[in-house]
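Going by my numbering, the first residue of the sequence shown is number 185, and it counts up by one from there.
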Amino acid sequence: MAFPLPLPMARALELARAAARDGEVPVGAVVTLGDAIVATSANAMRGGHDPTAHAEMVAIRRAAAALGRERLDGCDLWVTLEPCAMCAGAIAHARLRRLYYGASDPKGGAVAHGPRLFAQPTCHHRPDIYEGLGAEESGALLRDFFRARRA
Numbered sequence: 185m186a187f188p189l190p191l192p193m194a195r196a197l198e199l200a201r202a203a204a205r206d207g208e209v210p211v212g213a214v215v216t217l218g219d220a221i222v223a224t225s226a227n228a229m230r231g232g233h234d235p236t237a238h239a240e241m242v243a244i245r246r247a248a249a250a251l252g253r254e255r256l257d258g259c260d261l262w263v264t265l266e267p268c269a270m271c272a273g274a275i276a277h278a279r280l281r282r283l284y285y286g287a288s289d290p291k292g293g294a295v296a297h298g299p300r301l302f303a304q305p306t307c308h309h310r311p312d313i314y315e316g317l318g319a320e321e322s323g324a325l326l327r328d329f330f331r332a333r334r335a
């Protein structure tokens, strides 16, 4: 029996689909505090000519602005793809409580792959990590996006 995705991950997938329609790599992110959605974003690197405008980075910036604080204690991040090293670093600095992500990224991920940032002794904050939520749909969006680019 398939279970419905939690609302924040379903919203992150909607954002990822919208990013793909805009020509961005289809990644979406949502920051929550309790049951409330505080901030959302999709990848915006191409449209904004900003290599740091990953969905996670923009959502973290928006959440900090919305809450009026630089630390996001008690907040959770929901993202459709395993965060890269830059985003994992921002997650640690923001002190996010939990990280939920969909598809694994063996090539560019930094949570379960590559540098495994949160496992490093120099990492001062480690969120609770939940992987694989919406992984199938997240992965399909990415595969379809890049397949269409190569055609």
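Ideal placement from N, C-alpha and C gives every residue a C-beta, glycine not left out.
All values derive from a computational prediction rather than experimental measurement.
What does residue i pair with, by DSSP beta-bridge criteria?
i, result
"VAL214", "THR224, TRP262"
"ILE313", "LEU283"
Give me the Cβ distance between residue i and residue j, rounded to the nearest whole Å; I'm assuming they're in contact under 8 Å.
i, j, result
"THR306", "GLY286", "About 27 Å; that fails the 8 Å criterion."
"ALA243", "SER225", "4 Å"
"LEU197", "GLU321", "6 Å"
"GLY232", "ASP206", "Incorrect: roughly 11 Å between the Cβ atoms, too far for contact."
Between the Cα of residue i and the Cα atoms of the options, which residue gives the shortest distance?
i, options, result
"PRO267", "LEU325, VAL295, ALA247", "VAL295"
"MET241", "ALA220, ILE221, ALA213", "ALA213"
"ALA247", "ILE275, LEU189, PRO311", "ILE275"
"GLU315", "TYR284, ARG245, GLY292", "TYR284"
"PRO190", "PHE330, ARG327, TRP262", "TRP262"
"VAL215", "ARG245, PRO188, THR236, PHE187", "ARG245"
Check whether the Cβ atoms of residue i and residue j lie closer than 8 Å to each other.
i, j, result
"ASP260", "ARG282", "yes"
"HIS309", "ARG279", "yes"
"PRO192", "LEU325", "no"
"ALA250", "ALA223", "yes"
"ALA228", "ASP219", "no"
"ALA272", "LEU301", "yes"
"ALA269", "PRO290", "no"
"HIS297", "SER288", "yes"
"ARG195", "ILE221", "yes"
Does the beta-carbon of residue i have 16 or more other beta-carbons within 10 angstroms, so that it is buried, or is it exposed?
i, result
"ARG333", "exposed"
"GLU208", "buried"
"PRO311", "buried"
"GLY293", "buried"
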